[in-house]
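Accompanying notes for the structure given below.
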Amino acid sequence: MSVNQQAHTGPPYGQPQPGYQGYQQPAYGGQPLPGVPQSPYGAYNGPMPGYQQPVPPQGYFPSLGFPSKGCPVSLNSDTSLAPNFIGSLRAPPTSEAPPPASGVSLPSGHLAYSQFGQGDVQNGIPTSAAQMQRPPASQPFPPGSAPSPIRQTSAFQQYGPTTAGVQQLSNHMAGMTISSAAAAAPPPAGLGYGPPTSVPPVSGSFSAAGSGHYTPYTATQGPPPTSVSQDLPLAQPPFPGQPMPAQRLPAPAPGFPPPPSSYPPTTVASRPPAMPGPPLPGQTVAGPPAAQPNHVSSPPPPSAMAGPHSGPPMRGLHGPPPPTHPAQPGYQMQQNGSFGQMRGPQPNYGGGYPGTPHYGTQPGPPPPPKRLDPDSIPSPQLNELPPQQKPRHRIDPDAIPSPIQVIEDDRSNRGSEPFVTGVRGQVPPLVTTNFLVKDQGNASPRYIRCTSYNIPCTSDMAKQSQVPLAAVIKPLAALPPEETLPYLVDHGESGPVRCNRCKAYMCPFMQFIEGGRRFQCCFCSCVTEVPPHYFQHLDHTGKRVDFYDRPELSLGSYEFLATVDYCKNNKFPSPPAFIFMIDVSYNAVKSGLVRLICEELKSLLDYLPREGNMEESAIRVGFVTYNKVLHFYNVKSSLAQPQMMVVSDVADMFVPLLDGFLVNVNESRTVIASLLDQIPEMFADTRETETVFAPVIQAGLEALKAAECAGKLFIFHTSLPIAEAPGKLKNRDDKKLINTDKEKTLFQPQTSFYNNLAKDCVAQGCCVDLFLFPNQYLDVATLGVVTFQTGGSIYKYAYFQLETDQDRFLNDLRRDVQKEVGFDAVMRVRTSTGIRATDFFGAFYMSNTTDVEMAGLDCDKTITVEFKHDDKLSEDSGALLQCALLYTSCAGQRRLRIHNLSLNCCTQLADLYRNCETDTLINYLAKYAYRGVLSSPVKAVRDALISQCAQILACYRKNCASPSSAGQLILPECMKLLPVYLNCVLKSDVLQPGPEVTTDDRAYIRQLVTSMDVAETNVFFYPRLLPLTKADVDSDSLPAAIRNSEERLSKGDIYLLENGLNIFVWVGVNVQQGLIQNLFGVSSFSQISNTLSTLPVLENAFSKKVRSIVSMLQMQRSRYMKLIIVKQEDKLEMLFKHFLVEDKSLSGGASYVDFLCHMHKEIRQLLS
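When we follow my numbering, the leftmost residue of the sequence shown carries the number 41, and every step to the right adds one.
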């Protein structure tokens, strides 16, 4: 078949294969497709130790090789943009993909699976290499000794001459190669993502561009772009320090089982089904509401990946060995009929399903490959294929970019040295890498991360590339203990020194002139007099002699004490207050929730946030209970017993008492304790089921107004507020609206009442945190409006049950009450001439186009800011951002926190593509899409995302990649994970819900993601999957993460998957009895209870290790993750498989492989 020939297209997904009636076939004839998950940690991209690099074949661009891992890459000419070849497309891969090297830990939230099933060709790093221990990320460094820039940069170099390690050749069977360089000029804006109408978008039946084989890629550290070409292994150098976009390919249509090399033709009966398959389309999956994951009432099971179906038998099960093919000189035969370097066994990969033959003991390094004529590569013998198997070849999942490898590579390259921020435009290590930051003039990446650290000089260039220019800012981010908190600078009554014209604050980039008497603003170039008290002489280099004594002149982040001019009504604020507002309706009392909250508050009130070295917190507290009416409590310290006052006129809310409502905890301790004991008793026999909601917020707001302070309301609420009152809601849940133009109304509030209420709350500095405990539809889209616009947090515990959800709720509540928070906050982002902030995403309110207002801003919240050009930029001066946050601390002190960041500017697109950060890009794109669903049909939002990413990659391919055949998919090195991560966003519950995902779940997730930071979106979209049975019980390290695909799971192992909201522990049916006894304290698989919410505390090394891993992951996340035990073949497994994001999903989401093919097709259309 010629490269441009139309590939045979299969029937749409989900259609039964001829001959296997009644089964929904998994992507390839019953074998689940491995996908490339977005993993929290990068994959291993290094060269394979012990393998010599093959000599470049003829017609191979010398610039396309990759430097091997050891040598530093030099940044030289455009060679760095040469495509990385991902490898050739291959015939159907063996059932399991190789695992990441040991020591690779998955990014949090990424699924890890045991990489190898039995019977896999284990391609990858040989064991010896894999055992390398990653040095601890936070290695101490002597204070004051910044690592020399030279040492540091070597780790960052993105491109360099590459070693010859890649072969490019096209298999006559494959219509497409994936290379790692990218594409062409942006296509017309509306280019959509439509496969032929007869085939749903997920289908793998794409034309030639989309079919083909991928060879396995082994990435060596180096800069070239990744390219997948036919049938050859390729060395794929990642940019050190840059995430490689992982791509998800649409899975080939089920109608085409892979060639027999992976599935020997055997009778269907000879293959015992390993697990019950997923329900047929239209069938529902039953499951108790109780075992639902955190925040997802019940995510749809991943499609068709539920397990082998009775379709063509699985490779190697009871069948004849794979057909042999004439081997090409220099190549060892590969198991699935393609030829390429065999990779050595990879550590940390469990065996596949028992029954498949082992191919793990392949001979060592092959001789250098010979040049091959593309047409001479034999395909699997056509005469041995059943008729419907002939036309289709399956891409090897190991031949496409792996998030696990990218993450692990970045860890090993950049985790050992501190990241010193003194150099402009440095790309930081990935969020999944544990590193130390030394502030030398630019803000730490913990505070600000950008989509690109080298931005185009002109708007035309920015439009051509379509790469969004955005910064994800987390102004109050918590720092690890080894890093210093921002210094607080007090300039006295005159306040901070600012530019006269643009009002930018003094920072390291301001230029002092005229002997130090004036300074020129780095943002607007205006010259301002230096106030006499701030004057200081300059040294011979033009720097002030007190440069190192002043944080605002030498550091990227610092705080100023604000003067009275920065306060409301020109008077200093009072300390904030916390008001606890408890729903005491029938549901809340009956479930035990009211008693639980009251018990917890007794001790929790001793842990209110306090300023630095203060003896006690300055925060005052108040209490309200409510159902259809509100009950206020007087807990004045002079009272012997608390007093209750009832307000039944909810239409005109007022606070019936001033003195005694907000009190100091220590002074009123006994009265408060008495009240918390009495509340559960007072309402124990209530029969009131109806609740109000808006009047509760109004009551809290009025109380804060009367006390003239800012504060936070903690509202614990259980049901849709249908009682007669302002803000009353009706049940408008309607699943029939999904996939219609009216679907957007499900995300919009029912009424504008709550928007107006939110505006009043922001004006007062009244932040609302909402804890929801619904047993049915609650209208999160409406109830969450005030929380969202005031900068608050929503927590949702569907079908709350004391025994299973108590831990999660109490941990969330403790952290929410104790965490650092700023009140009455206003943030403004200033930029140097040439760009300006045009768009903002997050939990806040805006009354004008520049000021982001938040009643409260905590240490977990981010604000994402998009920038657009309004003039030309210059390469010499670069571009500057300054984020200034004005807020009231928890002690009532008014402060300004300043973060500064300098970026490079470029006139060459290659420089832009070399300095992007895919994780940040995905964070921005997800937030952009999740806002889009408020105003556009979900399908239009999905199509726009695909179109934009195709344009980004096409522009790279056209302008930066070396010329190569159109059949190659060439991805920029630092964006090679863009397709896999983008596919995860497209398949998320907001954009592509399965039948079990509720409207409330979607609204909840939409709000949650909108204020997530980059590390949280990374693990949320590409969960972290760890093989627990591979954990070393004697070390503190995590087991190496594996990719998020069912193919990586072995029946004999136990895996942990975390996505930031839930932790699943998946137990295979063949796990050894001893392991089950050690972990669960029961003697057999059948006795494991899937209702456990915590692992039993057992005195053995394995139990201790697993519990320490779980608690370590819990500590890393901003929310307490619910633990869910999943037994293989159990009904909960559908839920678990929903998070195996490299596989096809039941809701119609494409597998990674299929999506990569689809993206390639889109890119080719743009280029032609």
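Note that the Cβ used here is the ideal one computed from N, Cα and C, for glycine as well.
Buried versus exposed, by CB contacts within 10 Å (16 or more), residue i
{"i": "Phe575", "result": "exposed"}
{"i": "Pro1136", "result": "exposed"}
{"i": "Leu1022", "result": "buried"}
{"i": "Glu1202", "result": "buried"}
{"i": "Glu1087", "result": "buried"}
{"i": "Ser1123", "result": "exposed"}
{"i": "Ile553", "result": "exposed"}
{"i": "Cys566", "result": "exposed"}
{"i": "Gly481", "result": "buried"}
{"i": "Glu893", "result": "buried"}
{"i": "Met1174", "result": "buried"}
{"i": "Ala950", "result": "buried"}
{"i": "Gly582", "result": "exposed"}
Beta bridge counterpart(s) of residue i as assigned by DSSP
{"i": "Asn674", "result": "Gln683"}
{"i": "Glu1098", "result": "Ile1103"}
{"i": "Ala511", "result": "Cys490, Val905"}
{"i": "Pro649", "result": "None; Pro649 has no bridge partner."}
{"i": "Pro1067", "result": "Tyr1095"}
{"i": "His939", "result": "Ser597, Cys923"}
{"i": "Arg538", "result": "Tyr545"}
{"i": "Gly862", "result": "Leu897"}
Under the three-state DSSP convention, the category residue i falls into
{"i": "Arg1083", "result": "coil"}
{"i": "Asn1118", "result": "helix"}
{"i": "Lys967", "result": "helix"}
{"i": "Pro761", "result": "coil"}
{"i": "Phe1176", "result": "helix"}
{"i": "Asp623", "result": "strand"}
{"i": "Lys478", "result": "strand"}
{"i": "Cys1197", "result": "helix"}
{"i": "Ser1208", "result": "coil"}
{"i": "Glu599", "result": "strand"}
{"i": "Thr958", "result": "helix"}
{"i": "Gln829", "result": "helix"}
{"i": "Leu698", "result": "coil"}
{"i": "Tyr953", "result": "helix"}
{"i": "Ile986", "result": "helix"}
{"i": "Phe1061", "result": "helix"}
{"i": "Phe156", "result": "Residue placement at Phe156 is poorly supported in this model, since its pLDDT is 40, which falls under 50; the coordinates are not used for a value here."}
{"i": "Val736", "result": "helix"}
Cβ-Cβ separation, residue j to residue i (assumed contact under 8 angstroms), whole Å
{"i": "Ala931", "j": "Ala658", "result": "5 angstroms"}
{"i": "Cys561", "j": "Met550", "result": "7 angstroms"}
{"i": "Phe475", "j": "Arg489", "result": "Phe475 to Arg489, Cβ: 13 angstroms. No contact."}
{"i": "Val460", "j": "Lys478", "result": "5 angstroms"}
{"i": "Val1059", "j": "Arg1046", "result": "Contact doesn't hold; Cβ gap of about 18 angstroms is too wide."}
{"i": "Val973", "j": "Lys676", "result": "Rounded, the Cβ-Cβ distance is 48 angstroms, inconsistent with contact."}
{"i": "Tyr833", "j": "Asp864", "result": "Note that residue 833 is Ser in the sequence shown, not Tyr. Actually they do not touch by this definition, with Cβ atoms about 17 angstroms apart."}
{"i": "Asn1118", "j": "Val1166", "result": "So it is not a contact: roughly 18 angstroms between Cβ atoms."}
Selected residue, minimal CA-CA separation from residue i, among the options
{"i": "Met1015", "options": "Leu993, Ser1004, Ser1028", "result": "Leu993"}
{"i": "Val446", "options": "Ala798, Asp436, Pro469", "result": "Pro469"}
{"i": "Val905", "options": "Ser929, Ile875, Asp898, Lys912", "result": "Ile875"}
{"i": "Pro977", "options": "Asn779, Phe754, Leu823", "result": "Asn779"}
{"i": "Asn494", "options": "Asn674, Cys946, Ser594, Ser1151", "result": "Cys946"}
{"i": "Ile762", "options": "Glu655, Thr822, Leu593", "result": "Thr822"}
{"i": "Leu920", "options": "Gln948, Ile444, Asp689, Thr873", "result": "Thr873"}
{"i": "Gly862", "options": "Ala798, Glu915, Arg935", "result": "Arg935"}
{"i": "Leu595", "options": "Gln922, Gly1121, Ser614, Asp773", "result": "Gln922"}
Interface flag, residue i vs chain B, CB-CB below 8 angstroms
{"i": "Leu1153", "result": "Within the model displayed, chain B is absent; a lone protein chain is all it includes."}
Residue i beta carbon near the ligand MN (any heavy atom closer than 7 angstroms)
{"i": "Gly556", "result": "For the structure depicted, the ligand MN is absent and the ligand set is empty, with no information on it obtainable."}
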